[in-house]
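Trainee: Just add 228 to the spot in the sequence shown (first one is 1) and you have our numbering. Even for Gly, the Cβ is constructed at its ideal location relative to N, Cα and C. Computed from a predicted model, the values in this text were never measured in an experiment.
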Amino acid sequence: MTDGSTRRTMLTTGTAALAATCVGCGNNNGNGSSTSSETPTSSGTPASTASPTAGSSASGSASAATGQALAQTSDIPEGGGTIFKDQKIVVTQPAKGEFKAFSAICTHEGCTVSQVADGTIDCPCHGSKFHIADGSVAHGPATRPLPAESITVSGNSITMG
Numbered sequence: 229m230t231d232g233s234t235r236r237t238m239l240t241t242g243t244a245a246l247a248a249t250c251v252g253c254g255n256n257n258g259n260g261s262s263t264s265s266e267t268p269t270s271s272g273t274p275a276s277t278a279s280p281t282a283g284s285s286a287s288g289s290a291s292a293a294t295g296q297a298l299a300q301t302s303d304i305p306e307g308g309g310t311i312f313k314d315q316k317i318v319v320t321q322p323a324k325g326e327f328k329a330f331s332a333i334c335t336h337e338g339c340t341v342s343q344v345a346d347g348t349i350d351c352p353c354h355g356s357k358f359h360i361a362d363g364s365v366a367h368g369p370a371t372r373p374l375p376a377e378s379i380t381v382s383g384n385s386i387t388m389g
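1) Between which two residues does the beta strand (DSSP E) holding H367 run?
2) So the candidates are G383, D362 and G368; which of them puts its Cα closest to the Cα of G308?
3) What residues match up with S356 in a beta bridge as DSSP calls it?
4) Anyone know if the C-beta pair for T340 and K313 falls short of 8 angstroms?
5) From F330 to K357, what does the alpha carbon distance come to, in whole angstroms?
6) Would a C-beta distance cut-off of 8 angstroms place H359 and G368 closer than the cut-off?
7) Using DSSP with H/G/I as helix, E/B as strand and the rest coil, what is I379?
8) Look at the alpha carbon of A370 and the alpha carbon of G325, and state the distance between them as a whole number of angstroms.
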């Protein structure tokens, strides 16, 4: 540190490098391999065959492309849900005909949730679980609910926004 750099500068630089290295850490299933854009339901079968449209965001943020088609209502299981990893959104159907959407990013440490099962949205990193009806914490270590996302249900179609 004789070249005039301070401890704070060194820590800031190291933190920025670490953050840059972790970009995309939530895009794997813990063993280094990529996962698909949809997650199986509690029955083990894919809940949706919907795919992102050409207008989807390259960053995959949930606020991308308002009006982007996500799925058909029949693709979201009653009492369950589907995770759209590319859009970082979870669409649930807590009761017949009632559709909710939440961020797919766990509020504990930012991991992407991995499944919807037994009435909860589950994070693989530390075991946090969130209720499918309102995104509230069912089991920690997370202490904050999943933020709600905006979707529109029109007829049989579910779209962003």
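Mentor: On the basis of the data shown:
1) Residue 367 sits at position 139 when you count from the first residue of the sequence shown. Segment V365 to H367, the beta strand (DSSP E) holding H367.
2) In the sequence shown, residue 308 corresponds to position 80, counting from 1. The residue with the shortest Cα to Cα distance from G308 is D362.
3) Taking the sequence shown and counting its residues from 1, one reaches residue 356 at position 128. The partner list for S356 (beta bridge, DSSP) is empty, contrary to what the question assumes.
4) On the sequence shown, position 112 is the one that residue 340 refers to. On the sequence shown, position 85 is the one that residue 313 refers to. A contact, by the Cβ cut-off of 8 angstroms.
5) Counted from its first residue, the sequence shown places residue 330 at position 102. Counted from its first residue, the sequence shown places residue 357 at position 129. When rounded, the distance between both Cα atoms is 13 angstroms.
6) Numbered from its first residue, the sequence shown carries residue 359 at position 131. Numbered from its first residue, the sequence shown carries residue 368 at position 140. At a Cβ-Cβ threshold of 8 angstroms, H359 and G368 do not count as neighbours.
7) Taking the sequence shown and counting its residues from 1, the one referred to as residue 379 is at position 151. Of the three classes helix, strand and coil, the one that applies to I379 here is strand, per DSSP.
8) Looking up residue 370 in the sequence shown gives position 142. Looking up residue 325 in the sequence shown gives position 97. Spanning the two alpha carbons is a distance of roughly 29 angstroms.
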